[in-house]
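Novice: The numbering of the sequence shown is the working numbering, which starts it at 494 and goes up by one.
Next up is a structure, given as structure tokens.
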Amino acid sequence: MADPLFGIHGKALELRSQRLAMLASNIANAATPNYKARDIDFRKALSDATSNSGMTAGQAADANIGYRVPLETSLDGNTVELSTEQNQFAENALQYKSTLSFLEGRINTIKQALRGE
494 MADPLFGIHG KALELRSQRL AMLASNIANA ATPNYKARDI DFRKALSDAT SNSGMTAGQA
554 ADANIGYRVP LETSLDGNTV ELSTEQNQFA ENALQYKSTL SFLEGRINTI KQALRGE
């Protein structure tokens with residue numbers, strides 16, 4: 494169930510952080526033979542994390558990991574396409590920052606209310 498103070502944004506931030514780490518791992522292993530690029534189905538993971546299933550954000554992320562299917566096959570078996578991974582990383586980083594900014598604004602509003610401003 495969503496947090497009454499922050500809604501789904503706290504779990505979304507945690508999932509985005511985990512996805513950033515996974516995408517960074519894909520980028521770091523772009524030249525590793527037989528490395529399989531992985532990604533988190535963010536929408537499904539967020540749905541699982543915020544449903545009444547009792548899953549934490551980490552459990553929801555783990556349950557929704559999949560392998561990326563490359564557009565072009567590689568001779569060494571590596572499925573990382575650097576441009577795709579970089580685009581996904583940049584998009585997720587922007588969404589992470591947006592979620593973080595929203596939460597910071599929410600926290601500042603609560604601080605002002607507590608101070609009586």
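Note that CB positions come from ideal geometry on N, CA and C, so glycine has one too.
#1: Would you please state the rounded distance, in angstroms, between the beta carbons of Leu-513 and Ala-586? I believe it to be under 8 Å.
#2: Can you tell me whether Met-494 is buried or exposed? The criterion is at least 16 other CB atoms within 10 Å of its CB, across all chains shown.
#3: Do Tyr-560 and Ala-530 have their CB atoms nearer than 8 Å?
#4: Run through DSSP, which three-state label would Tyr-589 get?
#5: Starting from Asp-541 and walking both ways along the alpha helix (DSSP H), at which residues does that stretch end?
#6: Where does Ile-600 land, buried or exposed, given buried means 16+ other C-beta within 10 angstroms?
#7: Within its chain, find whatever has a CB closer than 7 Å to the CB of Thr-577; leave out the 5 residues flanking it on each side and keep chain order.
#8: Based on DSSP bridge pairs, tell me the residues matched to Arg-561.
#9: What is the DSSP secondary structure of Gly-570, reduced to helix, strand or coil?
#10: In three-state terms, what does DSSP make of Gly-551?
#11: DSSP has Arg-608 in a bridge; who is on the other side?
#12: State yes or no: is the C-beta of Met-515 within less than 8 Å of the C-beta of Asp-532?
Specialist: The structure says:
#1: Stepping through the sequence shown from its first residue, residue 513 is reached at position 20. Stepping through the sequence shown from its first residue, residue 586 is reached at position 93. Contact between Leu-513 and Ala-586 is confirmed by a C-beta separation of about 6 Å, below the 8 Å threshold.
#2: In the sequence shown, residue 494 corresponds to position 1, counting from 1. Legend: pLDDT at Met-494 = 46, less than 50; position of this residue unreliable, no value from coordinates given.
#3: Within the sequence shown, the letter at position 67 stands for residue 560. Within the sequence shown, the letter at position 37 stands for residue 530. Cβ distance < 8 Å, so Tyr-560 and Ala-530 count as in contact.
#4: On the sequence shown, position 96 is the one that residue 589 refers to. Here DSSP, grouped into helix, strand and coil, assigns Tyr-589 to helix.
#5: Residue 541 sits at position 48 when you count from the first residue of the sequence shown. First-last of the alpha helix (DSSP H) with Asp-541: 535 to 543.
#6: Numbered from its first residue, the sequence shown carries residue 600 at position 107. Burial call: exposed.
#7: As a working mapping, residue 577 is identified with position 84 in the sequence shown. Within the same chain, Thr-577 has no close Cβ partners at all.
#8: Position 68 of the sequence shown, counting from 1, holds the residue named residue 561. DSSP lists no partner for Arg-561.
#9: Residue mapping note: residue 570 aligns to position 77 of the sequence shown, counting from 1. Coil.
#10: The residue labelled residue 551 in the question sits at position 58 within the sequence shown. Looking at Gly-551 - three-state DSSP - the assignment turns out to be helix.
#11: Along the sequence shown, read from residue 1 onward, the residue named residue 608 stands at position 115. Answer is none; Arg-608 lacks a bridge partner.
#12: As a first step, residue 515 must be located in the sequence shown, where it is residue number 22. As a first step, residue 532 must be located in the sequence shown, where it is residue number 39. Yes.
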